[in-house]
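Each remark here refers to the structure printed beneath this line.
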Amino acid sequence: MQKLPSILLVDDDSTNNFLNELLFKKLDVTEQVLVAESGSQALDLLAQAAPDAPALILLDVNMPGMSGIQFLEAYQQLPDAQRGATVVIMLTTTMDARDLIRLDELSIAGLVSKPLTKEKIDNILQLHFQRQLPG
Numbered sequence: 001m002q003k004l005p006s007i008l009l010v011d012d013d014s015t016n017n018f019l020n021e022l023l024f025k026k027l028d029v030t031e032q033v034l035v036a037e038s039g040s041q042a043l044d045l046l047a048q049a050a051p052d053a054p055a056l057i058l059l060d061v062n063m064p065g066m067s068g069i070q071f072l073e074a075y076q077q078l079p080d081a082q083r084g085a086t087v088v089i090m091l092t093t094t095m096d097a098r099d100l101i102r103l104d105e106l107s108i109a110g111l112v113s114k115p116l117t118k119e120k121i122d123n124i125l126q127l128h129f130q131r132q133l134p135g
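Count the sequence shown with UniProt numbering and you get residues 1 to 135, in order.
Printed below as a string of structure tokens:
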């Protein structure tokens, strides 16, 4: 399987980030895993990475400071060169009805419940990148 150039994990929970990064490395689906513990840190990483936008952003909804939705609102304002053809997937444990309505207005590719698993990653790869994990 052809690897994704890079993936950006955005979650204020360092344990989630560690486990998700480990899972992506074990599955060998990306050249690079970028990690941000806040929405503002993620925006900084994207600015530094331009024009090499990550292929995939996995974004926690509920974070202190800049929430996942606030990050998305700021992300929408970035120049196309910084956003590239990035697929944005929201990660969540619970969703407030107001958040769901707001997410409909923002361009995300999907919503995935935590925790991430091999099966969920395989599904994301098939749906959005026409790739499949080996056997």
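Backbone N, C-alpha and C fix where the C-beta goes; we use that ideal spot for every residue, glycine too.
Could you check where the alpha helix (DSSP H) with residue i kicks off and where it finishes?
{"i": "residue 21", "result": "14–27"}
{"i": "residue 97", "result": "97–105"}
{"i": "residue 49", "result": "39–49"}
{"i": "residue 72", "result": "68–76"}
{"i": "residue 80", "result": "80–83"}
What are the start and end residues of the beta strand (DSSP E) that includes residue i?
{"i": "residue 6", "result": "4–10"}
{"i": "residue 130", "result": "It is not in any beta strand (DSSP E) - residue 130 carries neither H nor E in the DSSP assignment."}
In terms of DSSP beta bridges, what is residue i paired with?
{"i": "residue 110", "result": "89"}
{"i": "residue 57", "result": "8, 88"}
{"i": "residue 34", "result": "8"}
To which residues of the same chain is residue i closer than 7 Å at the C-beta, ignoring the five residues directly before and after it?
{"i": "residue 109", "result": "87, 88, 89, 128"}
{"i": "residue 51", "result": "81"}
Between which residues of its own chain and residue i is the CB-CB distance below 6 Å, once the five residues before and five after are set aside?
{"i": "residue 114", "result": "91, 93"}
{"i": "residue 9", "result": "17, 20, 35, 58"}
Which same chain residues end up closer than 8 Å to residue i when comparing Cβ atoms and leaving out the 5 residues on each side of it in sequence?
{"i": "residue 106", "result": "69, 72, 73, 76"}
My understanding is that residue i touches residue j, with C-beta atoms under 8 Å, so please give their C-beta distance in whole angstroms.
{"i": "residue 136", "j": "residue 6", "result": "Since the first residue shown for the chain is 1 and the last is 135, residue 136 is missing from the structure and cannot be characterised."}
Worksheet item: Between the region 116–129 and the region 92–101, do at least 3 Cβ pairs fall closer than 8 Å?
Response: no
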